[in-house]
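Okay, so here's the structure we're looking at.
Number of protein chains: 2
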Amino acid sequence: MDHQIPNTKELGLIVRDARKQQGLTQEDLAGLTGTGRRFISDLEQGKETAELGKVLAVLASLGLALFAHSKWSK
Amino acid sequence: MDHQIPNTKELGLIVRDARKQQGLTQEDLAGLTGTGRRFISDLEQGKETAELGKVLAVLASLGLALFAHSKWSK
DNA sequence: CCGTTTTGTTCCCGTTCGGGAACATTTTGT
DNA sequence: ACAAAATGTTCCCGAACGGGAACAAAACGG
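Chains as they are written, first to last, in the working numbering: chain A, 18 to 91; chain B, 18 to 91.
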């Protein structure tokens with residue numbers, strides 16, 4: 018299933034859904050990605066200033082692949 | 018055209034390509050997104066710690082839509 | 001070629017991240 | 001309803017972001 022990511026709030030929801038679907042707690046996910054529970058909480062709340070690298074790590078841990086689709090494309 | 022984004026380096030390349038395709042300088046893009054030229058340069062170089070919200074703003078300015086695709090999906 | 005433009009990199013510096021821990025609140029299960 | 005677990009939130013604090021400006025190097029065009 019594909020989710021568009023227009024903003025950080027939306028991303029937060031996606032992360033939360035994926036995490037719950039896999040029966041993980043925030044603490045579990047934090048452990049898997051080498052971050053802290055605070056970071057996961059902030060991310061799920063849509064914090065704008067979360068660091069990109071860690072966000073990608075979290076997504077990867079959840080088995081979520083990111084794609085950029087160009088409208089103009091080519 | 019779709020690009021996968023496994024890490025920040027890859028994202029940097031995607032941003033740069035899209036920017037050039039549209040004939041924009043880093044300064045132009047920085048202006049469009051309300052950031053600084055330094056941020057754009059860092060981003061294109063794959064800086065891990067770039068702030069998520071600004072990254073999304075840059076992608077939007079370039080007409081790039083982001084998608085999360087779940088492997089397990091459903 | 002050589003001047004112009006673009007980009008990479010460094011500096012200063014105010015602001016903020018995010019880890020860890022503690023506490024409050026909410027959610028969950030029985 | 002109640003205890004336990006999970007999550008939200010605050011604090012302390014070292015580390016680093018990123019804007020702006022300046023300079024060097026690289027890319028580009030005529």
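For each residue, glycine too, the CB sits at the ideal point set by N, CA and C.
Identified DSSP bridge partners for residue i
i       : result
B:Ser58 : Answer is none; B:Ser58 lacks a bridge partner.
A:Gln21 : B:Phe84
Per-residue burial, residue i [other beta carbons within 10 Å of its own, 16 or more giving buried]
i       : result
A:Glu68 : buried
A:Lys91 : In this predicted model, A:Lys91 has a pLDDT of only 47, less than 50, meaning its place in the structure is not dependable; the value taken from the coordinates is given anyway. A:Lys91 comes out exposed.
A:Glu44 : exposed
B:Gly29 : buried
B:Lys37 : exposed
B:Ile22 : buried
B:Lys88 : exposed
Three-state secondary structure (DSSP) of residue i
i       : result
B:Glu68 : strand
B:Gln43 : helix
A:Gly51 : coil
A:Gly29 : helix
Range of the contiguous beta strand (DSSP E) that encloses residue i
i       : result
A:Leu83 : Leu81 to Ser87
Can you list, in chain order, the residues of the region 50-66 of chain A whose Cβ is nearer than 7 Å to any Cβ on chain B?
Taking 7 Å as the Cβ-Cβ cut-off against chain B, the residues of the region 50-66 of chain A that qualify are Glu65 and Thr66.
Where the region 20-34 of chain A meets chain B: residues whose CB sits under 7 Å from a CB there:
The residues in question are His20, Gln21, Ile22, Asn24, Thr25 and Ile31.
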